[in-house]
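Q: I have a structure here, written as structure tokens, and I will follow up with some questions on it.
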Amino acid sequence: MTVGFGDLYPNGTVQYMSISIVFIFIGLVLTTLAVDVSGSVCIDKIHSLGRGFDAMKVLKALKENVRQKSEEAARKGAELRQKNKQQQQQKNFVDLPRWFAYVPKDALTIPYIDESARTTSTRTSL
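The numbers in the sequence shown follow my numbering, run straight up by one, and end at 130.
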């Protein structure tokens with residue numbers, strides 16, 4: 005089943021059909037003008053916003069903000085380190101051994117991916 009727009013066809017006099025075509029053409033012209041004018045107004049508003057925008061001023065403000073935050077973070081970090089140092093001294097903190105990555109016992113026998121078989125055999129004899 006199809007839509008069947010073939011069922012609809014213009015019927016009437018030539019004068020009626022020509023008036024219909026002119027009416028449709030005027031409607032398309034008015035619609036195109038309305039879209040063009042509204043687009044031009046939007047573009048003008050965007051350009052006027054851009055002309056008043058001082059990018060260097062904004063970048064300097066952002067840079068100053070980042071600098072202030074980094075100074076504040078460094079100050080807080082120094083305070084925390086000092087506080088931890090004082091707590092360690094007060095508790096006679098015993099330094100616990102550090103955690104290291106697991107190293108298997110046969111690590112020397114495991115070949116690297118770029119080693120040849122000849123060097124692997126000499127390595128296993130060590």
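All residues carry an ideal CB built from backbone N, CA and C; glycine is no exception. Since this is a predicted model, take the numbers as computed values, not measurements.
Can you tell me where the alpha helix (DSSP H) with F29 in it begins and where it stops?
A: 18 to 55
Q: Closest Cβ-Cβ distance between Q72 and chain B: below 8 Å?
A: Absent from the structure: chain B. Only one protein chain is present.
Q: Where does K64 fall in DSSP's three states?
A: helix
Q: In angstroms, rounded to a whole number, what distance separates the CA positions of L84 and N69?
A: Spanning the alpha carbons of L84 and N69 requires a straight line of approximately 22 Å.
Q: So, with DSSP's three-state summary, where would you put V107?
A: V107: coil per DSSP, three-state reduction.
Q: I117 by DSSP, collapsed to three states: which one?
A: coil
Q: Per DSSP, what kind of secondary structure is N88 in: helix, strand or coil?
A: helix
Q: Give me the Cα-Cα distance between I47 and V41, rounded to the nearest whole angstrom.
A: One C-alpha to the other measures close to 10 Å.
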